[in-house]
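Sequential numbering from 1 applies to the sequence shown in our numbering. Ideal Cβ positions, reconstructed from N, Cα and C, are used throughout, including at glycine. It should be emphasised that the depicted structure is a prediction, and the values quoted were computed from it without experimental measurement. Below is one structure, written out as structure tokens, with a few remarks after it.
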Amino acid sequence: GNVITAYPFTIETWLRRDGTSSNRTVVSLNDTISTYYAISISSGSAIRLAARNGVTAIVSSGTVIPENTWVHVCAVFASPTDRQLYINGQLMGTSNEEVPFFTPARTLIGVLRTSSPLEYMSGSIKDVRIWNIARTQSEIQVDMNRELVGNEPGLVGYWKINEGYGNVLRDFTSNQNHG
Numbered sequence: 001g002n003v004i005t006a007y008p009f010t011i012e013t014w015l016r017r018d019g020t021s022s023n024r025t026v027v028s029l030n031d032t033i034s035t036y037y038a039i040s041i042s043s044g045s046a047i048r049l050a051a052r053n054g055v056t057a058i059v060s061s062g063t064v065i066p067e068n069t070w071v072h073v074c075a076v077f078a079s080p081t082d083r084q085l086y087i088n089g090q091l092m093g094t095s096n097e098e099v100p101f102f103t104p105a106r107t108l109i110g111v112l113r114t115s116s117p118l119e120y121m122s123g124s125i126k127d128v129r130i131w132n133i134a135r136t137q138s139e140i141q142v143d144m145n146r147e148l149v150g151n152e153p154g155l156v157g158y159w160k161i162n163e164g165y166g167n168v169l170r171d172f173t174s175n176q177n178h179g
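Written out as structure tokens, the structure reads:
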């Protein structure tokens, strides 16, 4: 479902890439093949934040993310001209190209879009959180290593991905956007 209706918003997750991860999407909010907000792993094994709607803005971590190591990633979309990428609670980059807001039709975990090329994530993903606020660095650092309840102010999507059974990802917020 569509959990974001305007700027600002924040996407965060934990990921562990394997050796085949390149140009792979971790989390995306998208509408069409040419409109999306995403966290992905680049061909150089760095983490990327992308916003695309007529214009494409990319922020890269600039450093290789090690294989088989859990990494916390947080993408803050504060406004049409303010995006920030955090890795393990540290600011890694910003961008200020103007990208007009669009309302994403769906939230996808582990894939960019529902049509080719899919850009599946190769590795593991857990604890996907979507907020309808721009999280600060201190808020990110305080919450990144703890399990949330699901009713925190501004939290609009929360998939723990730790159920260990079944084929449904449960959204632990009151929005209940199960996948």
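Taken in chain order, the complete alpha helix (DSSP H) segments of 4 residues or longer contained in the segment 124-162 are 137-143.
The alpha-carbon separation between residue 65 and residue 77 amounts to approximately 22 Å. Counting C-beta pairs closer than 8 Å gives three or more between the segment 10-19 and the segment 66-73, which meets the contact rule. Under DSSP, the beta-bridge partners assigned to residue 94 are 84. Counting along the chain, residue 37 sits inside the beta strand (DSSP E) bounded by residues 35-41. Residue 25 and residue 133 have their C-alpha atoms roughly 22 Å apart. With distances taken between CA atoms, residue 153 lies nearest to 129 out of 162, 129, 145. Annotation for residue 108: the continuous beta strand (DSSP E) segment containing it runs 106-109.
Secondary structure at residue 112: coil, using DSSP grouped into helix, strand and coil. Inclusion of residue 48 and residue 33 in the CB contact set at 8 Å is not warranted, their separation being larger than that value. Straight through space, the alpha carbons of residue 3 and residue 131 are spaced by roughly 9 Å. Among the bridge pairs identified by DSSP, residue 77 is matched with 9, 83. Around the beta carbon of residue 10, 16 or more other beta carbons sit within 10 angstroms, so the residue counts as buried. Non-local beta-carbon contacts of residue 55 in its own chain, meaning distances under 7 Å to residues more than five positions away in sequence, involve 97, 98, 99 in chain order.
If you draw a 10 Å sphere on the C-beta of residue 90, you find fewer than 16 other C-beta atoms in it, and that means exposed. The beta carbon of residue 138 lies closer than 7 Å to none in the same chain, with the five residues before and after it left out. Counting along the chain, residue 30 sits inside the beta strand (DSSP E) bounded by residues 24-32.
At a Cβ-Cβ threshold of 8 Å, residue 40 and residue 50 count as neighbours.
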